[in-house]
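Peer 1: Residue numbers (the UniProt record's numbering): 1 to 758. Cβ coordinates follow ideal geometry from the N, Cα and C atoms, glycine included. Only a predicted model underlies this, so the values are computations on that prediction, with no experimental measurement involved.
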C-alpha cells in the first residue's frame, strides 16, 4: 500500500506535465495557425523522389524523353533536375511543367532545318536585301571592325532557337528563381573566356537553356551579364555534382554522350579536332560517373551511329531511351510511389496556363545605333495596346531581324508598377562594315565558258535613318564597279532615295541562225538617282532618273547596226515589283512579278529616244518533293531603235535551251517556260546537299523589229538537268535541245529563276 501510495504523486506529476504540454501545444496552434498548418503530419512522409541528371549530346539527347516516359509510367517522382546542352532543353522544359508526351510531340513537329537558319523567310526580308539574291553571293559574311577582319562567332547565331525557347517557357516568364519552378532546375554552361563552369539557378529560363547549348563553332556564344557562354558540355557534360549540391541523395543519371571515333575514321583535321574535344569531355564525364553510389542509377541508351546533328532521328532516340530505362526497371522501381501519391505530386508540377497579358508598353534597350533602335520600335509598335499575340510578335521580330543589322534580336516580358509589357534587347553586329563574295561559272563543253567573280563591301547605319553604302567589284565576263547609297527618308520610312554609279565592261556575242556574227566589248557608264516606296517587304515601286553612255568595241566578226563609237542616253526607269518567293535557287512557293518601262529621251544632247517595256513573271509551288516553276518574260522596244540598251538576249539553260548563251537577240522578245523538278534523297536530313532532278519546256524567240514578230517563229526547247544546292550556290548539269536542231550541254552556277547576272 505504501509503495502504491508513494507512486501516486509521481503518476500525478507525469499526468500533470502531459496535460500542460497538450494545453501548450493547443494554445500555440491557436495563437499561430500558420505554424500549425505548416507542421508535417506525423503519419505522412514525402515520397522518395530522385534527382535527375540529363547529359549533353545534341540530337542524341532526345533519348532523355524516352527515359522520362518510363519514369512517369512507373510513378517515379523527380525533386531536382540539372541538364547540359540538349539535357538542359529537355530538363528545363520538364521542370517548367511539360510532360514527356508533350515533349515527344514537340520533338516530332519541330522544323529543325528552319530552326538552324537565322534569317526569317525570304518574303519577310526587305526588298533591297532580296535584290542581293540575284548577285549569287556566298552565304558567308566577313566583318571589318577597327581595321581588323572579324568572322561570325558561329555558323548559326541561334536567333530562331532563342525565340522558340521564349515561346515554350512562356508559362514561367515571371519565375526568376529556378527553385520556384514546378521542379527546381539548373542549367550548366561554360565561360569561354575563363573556362569556368557557370550554373544557372536564377534568371530567365529561356536564356539559361540557350546558353547551355551554344556548341562552339556551330552556335555563336551568348553574352549573359558580361560573360561569353558556350555549351556546358565543355566543362560538365553530365552534371552529377550540380544535382547533389541541390540536395538530392539518390540520382537517376542519363548519359547520351557521343562515343569516340574509330581510329580508321581519323582521316582529316576536323575529325581529329572533334576526337580531341570528345576525349576531354569523356574523361571529365568518367570522373563524374565514378562518384555514383549504390542508391544511384545510371542509364546509357544504346544510340549506335546516331550523331549529335541528326535531329531528324529524334523518334529513334526516344525509343532507345525507353529501352534503356526498361532495362533498368528493377532499380527504377525502388523509387516508385503509389498512383495517388504520384498523381498529387505531378499535379503540383504541371505547367501553368498562360493568360495573354495586355501589352501596355514597349521598351527597346541596349541598342547602340539610333537607327537600329528606331527600326525595331517601328516594326513592333503594332503590338502595344492589345493582348499579347505571339505569332504577330515573332513575325515582327523576324522582319526586324531581316534588316541584317542585328546579331541577335531578343525580347522578354516584364512587369513594372503593375503594368506588363515587352522589353526588346537588340544585339547589333560587332561590325558596321561587312563583305561578301559572289561566284558564277558557265561552260557548254564546246569551248565556250565564262566566269564571274564579285566582291561586295557594305557599310551600314551611316546615319540615324539607317543609310547603307554598297560597293561591288566584278571581274570576268562582266567587270567593273558599281556603287549605291541607300538612304531612307526618315526613321522607319517606307520611302528611300538611292543614288548609284556604275562603270563596267561586258562581252556581247551576236548570233544568227546558229552562227556567231560578231562579238562586242561594251563599255557602260551610268549615273542614277532612284526614289522608291516599299510599304511592306513584298512590294516596291520606284522611279530612277538615269544618264550615261555605252560604247561598243567590235572584237571579232562583221560590223552590225551597233557600230557607233558612243551611245549617250538619259531617261527615267519606272519599275514595280511584287516578290513573295521563298527562294530563287529552287523555289517552292510564291510569286515574283517585275514590270518596268525605260523611257529614254534626248535630253542634253543624248542620242537614244525609245521606250522599252519589260515584264517578268515567276510563280512556284510544291507538292511534297515535287516542284513546279512557271515563268514568262516579255520585252519590247517601242521604236525599234538598235542600241545596246534596247536589245534583249536569250539562249542558254532555261532561256531557250539548246542554244549557246545569249545566242538569240532582238528588240522584241518573248519566252514562256515550265520547269518541273523533284528533290531526291532523305529530305529529313538536317545538314545535307539537296539534290534535284528535273526537266523544262520553253517556248520563245527574239525578233529584230516589231514587224517581224510572228507566233509561227516561236521556238520550242527543253532540257533535262540535275541540280545541287552547294555552299557555293546552286550548280546545274543539264542538256538542252530545241526544234532548230541545236543541242548543248551546260555546267553552270546560277538559279532556276534567273541563271545569269544581267
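1. Going by CA-CA distance only, name the one from 460, 543, 539 and 456 that's closest to residue 499.
2. Comparing C-alpha positions only, which one of 375, 443 and 726 sits nearest to residue 364?
3. How about residue 60 and residue 258: do their beta carbons lie closer than 8 Å?
4. At the level of alpha carbons, what is the spacing between residue 703 and residue 485?
5. Tell me whether residue 112 sits in a helix, a strand or coil according to DSSP, three-state version.
6. How big is the Cα-Cα spacing for residue 668 and residue 705?
7. What residue ranges within the segment 238–314 form continuous alpha helix (DSSP H) runs of no fewer than 4 residues, ordered along the chain?
8. Please work out which residues of its chain come closer than 6 Å, Cβ to Cβ, to residue 737, disregarding the five sequence neighbours upstream and downstream, and give them in chain order.
9. For residue 239, tell me which candidate among 229, 467, 230 and 251 has the shortest Cα-Cα distance.
10. Have a look at residue 411 and residue 467 and give me their C-alpha separation to the nearest angstrom.
11. Run through the segment 573–621 for me and flag every whole beta strand (DSSP E) of 3 or more residues, listed as ranges in chain order.
12. Do you know how far the Cα of residue 631 is from the Cα of residue 316?
13. Mind checking which residues open and close the alpha helix (DSSP H) that includes residue 398?
14. Under the DSSP definition of a beta bridge, which residues are partnered with residue 488?
15. Starting from residue 224, trace the alpha helix (DSSP H) both ways and give me its first and last residue.
16. Do residue 691 and residue 752 count as a contact pair if the criterion is CB distance below 8 Å?
17. Quick one, which of 439, 447, 465 and 444 has its alpha-carbon nearest residue 474's?
18. Mind the definition here: the segment 522–533 touches the segment 503–512 only if three or more C-beta pairs lie below 8 Å; say whether that holds.
19. Quick one: residues in its chain with C-beta nearer than 7 Å to the C-beta of residue 296, no 5 flanking neighbours on either side, listed in chain order?
20. Let me make sure I understand the geometry here. Which of 711, 574 and 92 has the alpha-carbon closest to that of residue 204?
21. What are the uninterrupted segments assigned as beta strand (DSSP E) that are 3 or more residues long and contained completely in the segment 124–173, given in chain order?
22. Provide the residue(s) that pair with residue 107 in DSSP beta bridges, ordered along the chain.
23. Going by the CB atoms, is the gap between residue 151 and residue 193 shorter than 8 Å?
24. So which of 726, 733, 701 and 68 has the shortest CA-CA distance to residue 739?
25. Quick check: the Cα distance between residue 271 and residue 307, rounded to an integer number of angstroms?
26. Pick from 627, 638, 591 and 622: whose alpha carbon is nearest that of residue 614?
27. Measuring alpha carbon to alpha carbon, tell me which of 349, 58 and 408 ends up nearest residue 223.
28. Please report the distance separating the alpha-carbon of residue 281 from that of residue 401.
29. State buried or exposed for residue 629, treating a residue as buried only when at least 16 other CB atoms are found within 10 Å of its CB.
30. Considering just the uninterrupted stretch of the beta strand (DSSP E) at residue 89, what are its terminal residues?
31. Taking the alpha helix (DSSP H) that residue 734 belongs to, which residues open and close that run?
32. State the Cα-Cα distance for the pair residue 458 and residue 218, rounded to the nearest angstrom.
33. To the nearest whole angstrom, what separates the beta carbons of residue 733 and residue 721, a pair I think is in contact under 8 Å?
Peer 2: Judging by the given coordinates:
1. 543
2. 375
3. yes
4. 37 Å
5. helix
6. 6 Å
7. 240–245 and 269–289
8. 658 and 743
9. 251
10. 25 Å
11. 590–600
12. 42 Å
13. 390–401
14. 496
15. That residue, residue 224, is in no alpha helix (DSSP H); its beta strand (DSSP E) goes 222–224.
16. no
17. 439
18. yes
19. 250, 251 and 253
20. 92
21. 142–145, 148–150 and 154–156
22. Paired residues: none, contrary to the question.
23. no
24. 701
25. 13 Å
26. 638
27. 408
28. 35 Å
29. buried
30. Taken as a continuous stretch (DSSP letters only), residue 89 belongs to no beta strand (DSSP E), being part of the alpha helix (DSSP H) at 86–95.
31. Element bounds for residue 734: not the alpha helix (DSSP H) but the beta strand (DSSP E), 729–738.
32. 25 Å
33. 7 Å
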